[in-house]
Every structure is written in C-alpha cells, then in structure tokens.
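*Asks:*
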Amino acid sequence: MKSVISVADGNAIIVADDGWLLALDESEIPLDNIAPVILPLPLWQQRQSADVLAGHARSLDGIFLLPDDDETLLRLWLSVLPIIAIQFPSFRDGRGYTQAYMLRVRMGWAGELRAVGDVLRDQLSHMRQCGFDSFAVREDKSVEDALKGLRGLSVTYGRSVIEPKPLFRRRDL
Amino acid sequence: MYQYDVYDHALVRERVEQFRDQVERRISGELSEEEFLPLRLQNGLYYQKHAYMLRVAIPYGTLSSKQLRTLAAIGRDYDRNYGHLTTRQNIQYNWIELEQVPDILQRLADVEMHAIQTSGNCVRNITTEAFAGVAADEMIDPRPLAEILRQWSTVNPEFLFLPRKFKIAICSAEQDRAAIQVHDIGLYLYPGASGEMLLRVLVGGGLGRTPILGQQICEDLPWQHLLSYVEAILRVYNRYGRRDNKYKARIKILVKALGIEAFKQEVEQEWEQIKTGPAELTFAEYQRVSTAFSQPDYLNLPEQDLDYHTHIYMDDDFARWVSRNVSAHKTPGYVVVTLSTKPGADMPPGDVTSAQMETVADWADEYGFGEIRIAHEQNLVLPDIRKRDLYSLWQKAIICGLASPNAGLLTDIIACPGGDYCSLANAKSIPIAQSIQQRFENLDFVHDLGDLSLNISGCMNACGHHHIGNIGILGVDKNGSEFYQITLGGAQGKNSSLGKVIGPSFSAEEVPSVVEKIIDIYTRYREPEELFVDTYQRIGAEPFREKIYPATNGVSI
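Read top to bottom, the protein sequences are chains A and B. With my numbering, you'll find the first sequence wraps up at 645, consecutive numbering, no jumps. With my numbering, you'll find the second sequence wraps up at 563, consecutive numbering, no jumps.
#1: For the segment 76–88 of chain B and the segment 330–347 of chain B, state whether three or more C-beta atom pairs, one from each stretch, are separated by less than 8 Å.
#2: Find out if the Cβ-Cβ distance for the pair L168 of chain B, N251 of chain B is shorter than 7 Å.
#3: When the Cα atoms are used, what is the spatial distance from L399 of chain B to D321 of chain B?
#4: Hey, could you find the ends of the alpha helix (DSSP H) E267 of chain B is sitting in?
#5: Tell me where the alpha helix (DSSP H) around V12 of chain B begins and ends.
#6: According to DSSP, simplified to helix, strand and coil, what is M59 of chain B?
#7: Excluding sequence positions up to five away, which residues of its chain have a Cβ less than 8 Å from the Cβ of R130 of chain B?
#8: Could you have a look at L504 of chain B and say whether DSSP puts it in helix, strand or coil?
#9: Where in the segment 439–468 of chain B do unbroken runs of the alpha helix (DSSP H), each at least 4 residues long, occur, reported from the N-terminal end onward?
#10: If you compare alpha carbons, which of B:I132, B:L37, B:S459, B:I405 is closest to E153 of chain B?
#11: Note down, in chain order, all residues in the segment 128–139 of chain B with a beta-carbon under 7 Å from any beta-carbon belonging to chain A.
#12: At which residues does the alpha helix (DSSP H) containing R392 of chain B begin and terminate?
#13: Could you tell me which chain B residues have their CB closer than 8 Å to the CB of K474 of chain A, listed as they occur along the chain?
#14: On the CB-based measure, 16 or more other CB atoms within 10 Å of its CB, does T544 of chain A come out buried or exposed?
#15: For A484 of chain A, I'd like the list of residues in its chain whose CB is within less than 8 Å of its CB, leaving aside the five on either flank, ordered along the chain.
#16: Between which two residues does the alpha helix (DSSP H) harbouring D371 of chain B extend?
#17: Can you pull the chain B residues whose beta carbon is under 7 Å from the beta carbon of R528 of chain A, in chain order?
#18: Go ahead and label D489 of chain A buried or exposed: buried means 16 or more other beta carbons lie within 10 angstroms of its beta carbon, across all protein chains shown.
#19: Report the option in A:V552, A:P512, A:D504 whose CA atom is closest to the CA atom of L444 of chain A.
#20: My output table needs one value for M574 of chain A: the three-state DSSP class, helix, strand or coil.
#21: Kindly indicate which residue of B:D357, B:V366, B:I479, B:L305 has the alpha-carbon position closest to the one of K336 of chain B.
#22: H317 of chain B: which of B:K262, B:Y397, B:Y246 sits nearest, CA to CA?
#23: Taking Cβ-Cβ distances shorter than 7 Å, what residues in chain A pair up with T160 of chain B?
#24: Taking the alpha carbon of G482 of chain A as the reference point, which residue from A:D644, A:E635, A:D523, A:R642 has its own alpha carbon closest?
#25: Looking only at DSSP bridge pairs, what is G89 of chain B linked to?
#26: Do we get a CB-CB distance below 7 Å when we pair P636 of chain A with the residues of chain B?
#27: Comparing the C-beta of R564 of chain A with each C-beta of chain B, is any distance below 7 Å?
#28: Using the three-state DSSP reduction, which class does V633 of chain A fall into: helix, strand or coil?
#29: Name the chain A residues whose beta carbon is nearer than 7 Å to that of A285 of chain B?
#30: List the residues of chain B that T544 of chain A touches, going by C-beta distances under 8 Å, in chain order.
#31: Check the Cβ-Cβ distances between P163 of chain B and every residue of chain A, and say whether any is below 7 Å.
#32: Taking CB distances under 7 Å as the criterion, tell me whether R586 of chain A reaches chain B.
#33: Any Cβ of chain A within less than 7 Å of the Cβ of A63 of chain B?
#34: Are the Cβ atoms of S475 of chain A and V609 of chain A separated by less than 7 Å?
#35: Count the other CB atoms within 10 Å of the CB of V633 of chain A; is the residue buried (16 or more) or exposed (fewer)?
#36: Please confirm if the segment 82–90 of chain B is in contact with the segment 352–369 of chain B, defined as three or more CB-CB distances below 8 Å between the two stretches.
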C-alpha cells in the first residue's frame, strides 16, 4: 500500500510503499504471491489453511473489514492475524470508529490496525484516538500534508482507546 | 455560570486555529467543498440561500452579560445588526463571510463560547429549559449534568460521523419546558426515594419527516452512569443506524425498526461492558461542575413586595404583562422574566437586534446577576429579577420593544427562518407569522384565548417544531408554489402530543383566515377555562374541518 502513515511508540513515520496489497476479490491477488495481501473476510477464510482457521498457525494475510462486517467474527483469529484494516468508504461514514474501538478495547486486538479508503488529514486524529495505528492516506492526497492532522487537539474531554480515562479522571483539581 | 478552566480554554482556542487552517485550505482549493462541508458544519457554518449562516452554541441556553455583548458585537461587525434565536437555544447569524468566520470564532472563544457541533451528523448542543436553576417547580438543577454532557460530547472522536444529527435535552421540573420527548435522547432528572439523583431516559423521539415521541429505555438510571449509558446508546446507533437514506437515518427509525425492547437489550448489553469502568462519573466531578452553578447571592427578601402589587393594581398593562411574562422563582422576592421577541409584524420571531442584546445585557447586570437565558420558544429570559424592580424593568422593556405581553399566547409564534433564508425550506415562514400576528393584534382577544401555541416550519425538517404546536403550520411545495399544511392538537411538555393534519393545504394569503376560523370554532365550543388543546381533544377535528372546508362538508385527505 502506498502513502501509509504508521505510528509506533508515539512516533509517526511515512512509508511510501509498505508492501501490503489490498485485494478485494480473487482476481486482484497476484499469482506470484510475493506481496502479502489484505483480503475481505470471506476471501480471507477461503485462502487459509485449516490450521490457521483453527487458530493454530499464523496467517500471512490480513483482513479487510467492511463497515457492515461484524468485527466479533474475528475473535477466533486475533492471535494469528498480521494486520486488520478497516474500510472507510467515505470519510463521513463513522462506523469504522466504533469497529476500531470494539477491536481494541473489547476484543483486545494489539496488532496493527489500519484505516483504508477515504482517509484524510482532518480525520486522522479521531482515527488515532479510536485505536488506529496506521493510515493508508487517500492516494491523491499528500501524505506529508496528512501527517499534520495526526495530532489533533491537545484536549480531549471524553475517554478514547488511546486515553482510557476521561478528562475528569485526569484533571488536576 | 460555568467558567472555563485551562482545558476548556485550550480546546476552543486550538479549535479556532484548526478551523482557520481548514478555511484557508478551502479558499486555496486544497480542500474540496465536499471535504470541507462536514468540517464547516461541525463548526456551525451552513451555506444558505444568500450567504453563509453561522450558528453559535449557547450551551443549555445560558449566557453571561459579557457573552451577550459579544454576540451583539458580532451581529454589528459581521452581520446586519441582528441575530436569530433558534428553537434549540442557539443563535444564528444569516449574513456571514467565510473569510471572517475564524475571527468570529476567536471572539467567541475569548468569552468562553464556540460553535462546535451546532450542525453536522454529531451530538448537537445539549439543551434544557430556560428556567433551569431558578424555576419554582424544579426538583434538581439540570445544568451541571448538561455541562458534563456538553464536555463529553465535544469532539468525542468515535461519534463525530453518526448516521445523522443527534439531539439531547435534559429537564427536571414539574413542567417539561425542554421538549425532552421530541429529542433523540430525552433525560428527565428526578430525586429517588432517598434523594439520590436518577434519570428517566427516553430515546428515539424527534420531529422532522417522521415525527414520533421518545420511548422510555430506562426508568431510573443512577446519575453516575449517565455518560456510559449515553455512550452505549450512541455506539449501538453508530453501528446499526441506517446510512442508506438520510430521511431514515435518525435513531428514531432504528428504535422503531428494532422495537424498544430489542433496542434496549442491545444498549444494555453494551452498557454492561462499560458501566463500572472509568466512564462512571465521580462525585468530585459533579461537585466541581455544580459549584459553577451555585446560587447567586440572593437578597433575603419578603415574598410580597408592596410596590410591585400596587403597580399591578394600578396599571392594567403592567398587570397583563406580569400575568403572561413573569414566572415563579424558587427564591422569595424574585421572579423570572420572559422578554418576548415577538412584538408582531415588525420583527420576525426570534430576531434580536444588536442594540437589544446590549440593552438586555445591561439589564442583566443592573437588575440580576449578569445572566441571560434563551428559551426554546425563541425568547430571552432574565432569570433573577427582584419583584421590586419589575415595574421599572418593564418600562424600559417597552421602549426597547421587548415587552410584548404574549408569552405562551397565540402571537408568541415559534418559527424557523424559512424560505427567506434557508435553502432547505419549501416555503417562507416569517411572512406567515407576520400575517397571523397582524390578524390577531387585539391583545384582549388573544389574552382571552389563553395558552395557545402556534408553530411554523418552512419544511419537513420541522425546525419550527410545528408538530407540537397546538396549531402547526408546515410549508409545502405544491407544483412549485408555496402552500401551507395545517395540523391541530399538537402539544409540548409533559403531555406532549403530535398534531394531526386537518386537510388540504392553503396558500399564504388564506392562512390568517384559516387560523381565524380555527380560533372561532375553539371559542364557540370551549368550556370555561378550557385550553385549546383540551377542547380539540374533546370535540375532535370534525367541527374545525366543517368550518374550514364548508363546501365539501368535511373532507377526505
């Protein structure tokens, strides 16, 4: 994937092309199989060995979660997945924020969580606060520019994935 | 009043800079209009018929005199010397230049105000009633929890792109003056058996295209769980609310589709996971916020004031104004004053000039404790006026055009800006309001009718809350012409009900006579002291129809 911002240990870096390939159907999977792929759930299931599906072996492929998908279906495979990507078909569709929250907080997903699709500078900080740690910025946009949106406001009242305490439990009284 | 601390200040200041940058990027073309749209909406900026409109948040309708002076100055410096009070306790300016918005927002931030989330598919301004904290029939002051909700919902990252807008109202008085039954979440705060604060939670109410009253999802939620419960509702809504059709995207449609029991089950299942976590409100936080709303230094006054009663006795006009526009205060010797923004045909309902705002700010300082409220009926309220000062305040209000003795009467019309300004409107609202006010200029007659609400919306979005007006008027488009559909029997408050369409719609010219006919039937059938809405319930729509549509002898819709 191109134009990826990746956050680790509080540092953000830009990766021009990180090797992941998003394949929405079988025809988009390269035959030589050199690039690791991120696949929609049904396709991912099709491609996995019985061991992976049983949660006994690591998968090489990531899952691409669509807004209508139920993230709890991934519960069985959290220990074997290399990455989960969540689709934002439009930046105005906010379902991915709740999916990210559920994956991180409720299901304990600690691996890479990537926002994919209509991923833009002015929403990056919200995504980060909801637990995304990598962002495939829409390719027609400047990724350097998008990086400026990652920080967001310095004050958050409520709690979030990266700040589990609401301000009233952090405030200096 | 709530005072910003270092966090609140930092947030609004940074938000202004963030939006300044976004406006610059829009002007340079770096941001497309499509990308900019939700950003500007979440900063209160609409694009209307003639210009940008900026809607400024007035959290739970409470303002300081300093803030009101700033609103006046903004009207003067950036608009045409006025602002429009909305049915959700906000103020909007109709003639704004995009380039100037960041500076306006900075001036708001300087006086602890903002326009954050006054539009867009997010949690909007938290509203309560204009008499909060002072009403004689209040059980618990709802403002601290309203402020806590305001903070919680402000830039809450998970819930900024909901399927549709989301409105929350809270009230805690015998009379529900906050219309909580027609909100996405309505909260009724009351004391439990041992005095603890409990919340009755209603969900899925709303007006618009599909008017519906909220249903109870929780009878007795302990206040500590307010935020986690609201969070659970929003999480379920964000996941499952419809996004394929904007007219079916409000939470009411989801609640209706699932049924309240199934919806409740989803919410409670989610709530179980978070209720005892860090989201649980602490007493320290409640105390911190409620201290800001502590009682002002009321004087120890007798309940009766000789001068005040003498003036009532001697001056009929004053007595009439007092009978409509003055409400009981919980503190002896004080009253709550409603300054009507509905003087009649001269001024559109809810419009207030910059000069009026400044004058009212002065009165708040001189007679009260520097505080002003906005009522969802689009009037200004002075919450702490000494009875002994009332006569002199009234005399000043007359000169200022704010002493119309019509609070709650037929001419206290609630109306949206309508087709004169709004690009969504099917029809104009303001000229209809004015023509009705003109027709009912006789004050004695209007007073004799008593409590009677008339609401006008220029389109199905129902910003004028026409469904809950005793008489509701809705602008509709009929083959490219503006027509008006009339509903009867709506009511707000504890016995909220939705009005029913009486029959085919009318042209603008016909509306005042139709209203006159409706009033005629009411006065003919009413029993002594009977309210319009009660007469309507008793006799039904038929006598009204026969009068309005005589040729067809009643009518099929």
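Cβ atoms here follow ideal geometry from the backbone N, Cα and C, with glycine treated the same way.
*Replies:* On the basis of the supplied data:
#1: no
#2: Walking along the second sequence from the start, residue 168 of chain B turns up at place 162. Walking along the second sequence from the start, residue 251 of chain B turns up at place 245. Cβ distance not < 7 Å, so L168 of chain B and N251 of chain B don't count as in contact.
#3: Working through the second sequence from its first residue, we reach residue 399 of chain B at position 393. Working through the second sequence from its first residue, we reach residue 321 of chain B at position 315. Those two C-alpha atoms are separated by around 14 Å.
#4: As a working mapping, residue 267 of chain B is identified with position 261 in the second sequence. Counting along the chain, the alpha helix (DSSP H) containing E267 of chain B begins and ends at 266–280.
#5: Counted from its first residue, the second sequence places residue 12 of chain B at position 6. Run containing V12 of chain B: 12–34, per the alpha helix (DSSP H) assignment.
#6: Looking up residue 59 of chain B in the second sequence gives position 53. In the structure shown, M59 of chain B sits in a strand (DSSP, three-state: E or B).
#7: Residue 130 of chain B sits at position 124 when you count from the first residue of the second sequence. Hits under 8 Å: R94, Q123, T124, K171, F172, K173, I174.
#8: Position 498 of the second sequence, counted from the first residue, corresponds to residue 504 of chain B. Note: L504 of chain B maps to coil in three-state DSSP.
#9: Segments of the alpha helix (DSSP H) lying fully in the segment 439–468 of chain B: 449–455.
#10: Numbered from 1 along the second sequence, position 147 holds the residue referred to as residue 153 of chain B. It is B:I132.
#11: Within the segment 128–139 of chain B, no residue has a Cβ that lies closer than 7 Å to any Cβ of chain A.
#12: Stepping through the second sequence from its first residue, residue 392 of chain B is reached at position 386. Careful: R392 of chain B lies outside any alpha helix (DSSP H), inside the beta strand (DSSP E) at 386–392.
#13: Locating residue 474 of chain A in the first sequence gives position 2, counting from the first residue. Within 8 Å Cβ-Cβ: nothing; K474 of chain A doesn't reach chain B, min ~20 Å.
#14: The sequence position of residue 544 of chain A within the first sequence is 72, counting from 1. Flag for T544 of chain A reads exposed.
#15: Position 12 of the first sequence, counted from the start, is the residue given in the question as residue 484 of chain A. Excluding sequence neighbours, A484 of chain A sits near I477, S478, L619, L622.
#16: Translated into positions along the second sequence, residue 371 of chain B becomes position 365. Counting along the chain, the alpha helix (DSSP H) containing D371 of chain B begins and ends at 360–373.
#17: Mapped onto the first sequence, residue 528 of chain A falls at position 56. First, the amino acid is wrong: residue 528 of chain A is His here, not Arg. Within 7 Å Cβ-Cβ: nothing; H528 of chain A doesn't reach chain B, min ~29 Å.
#18: By 1-based counting over the first sequence, the position of residue 489 of chain A is 17. Exposed, since its Cβ has fewer than 16 Cβ neighbours within 10 Å.
#19: Chain A is shown only over 473 to 645; residue 444 of chain A falls outside these bounds and no answer can be derived.
#20: As a first step, residue 574 of chain A is located in the first sequence; it is residue number 102 there, counting from the start. Helix, per DSSP.
#21: Translated into the one-based positions of the second sequence, residue 336 of chain B becomes position 330. Looking from the CA of K336 of chain B, the closest CA among B:D357, B:V366, B:I479, B:L305 belongs to B:L305.
#22: Against the second sequence, residue 317 of chain B aligns to sequence position 311. For H317 of chain B, the nearest C-alpha among the options comes from B:Y397.
#23: Position 154 of the second sequence, counted from the first residue, corresponds to residue 160 of chain B. Going along chain A in sequence order, the residues near T160 of chain B (Cβ under 7 Å) are Y629.
#24: Taking the first sequence and counting its residues from 1, one reaches residue 482 of chain A at position 10. Cα-wise, what sits closest to G482 of chain A is A:E635.
#25: Position 83 of the second sequence, counted from the start, is the residue given in the question as residue 89 of chain B. Answer by DSSP bridge pairing, in chain order: B:V358.
#26: Against the first sequence, residue 636 of chain A aligns to sequence position 164. Yes - at least one Cβ of chain B is within 7 Å of the one on P636 of chain A.
#27: Here residue 564 of chain A corresponds to residue number 92 of the first sequence, with the count starting at 1. Closer than 7 Å to some Cβ of chain B, the Cβ of R564 of chain A qualifies, so yes.
#28: For the purposes of this step, residue 633 of chain A is taken as the residue at position 161 of the first sequence. Note: V633 of chain A maps to coil in three-state DSSP.
#29: Here residue 285 of chain B is taken as the residue at index 279 of the second sequence, counted from 1. Within chain A, the residues near A285 of chain B are R631, P638.
#30: Along the first sequence, one-based indexing puts residue 544 of chain A at 72. Correct list: empty, because the minimum Cβ distance to chain B is about 11 Å.
#31: Mapped onto the second sequence, residue 163 of chain B falls at position 157. The C-beta of P163 of chain B comes closer than 7 Å to at least one C-beta of chain A.
#32: Sequence index remark: in the first sequence, residue 586 of chain A carries index 114 (1-based). Taking Cβ atoms only, chain B never reaches closer than 7 Å to R586 of chain A, which makes this a no.
#33: For the purposes of this step, residue 63 of chain B is taken as the residue at position 57 of the second sequence. Cβ-Cβ to chain A under 7 Å: no for A63 of chain B.
#34: As a first step, residue 475 of chain A must be located in the first sequence, where it is residue number 3. As a first step, residue 609 of chain A must be located in the first sequence, where it is residue number 137. Yes; because the gap between Cβ atoms is below 7 Å, this pair is in contact.
#35: Working through the first sequence from its first residue, we reach residue 633 of chain A at position 161. The residue in question, V633 of chain A, is buried, as its Cβ has 16 or more Cβ neighbours within 10 Å.
#36: Judged by pairs of C-beta atoms under 8 Å, the segment 82–90 of chain B touches the segment 352–369 of chain B, as three or more such pairs exist.
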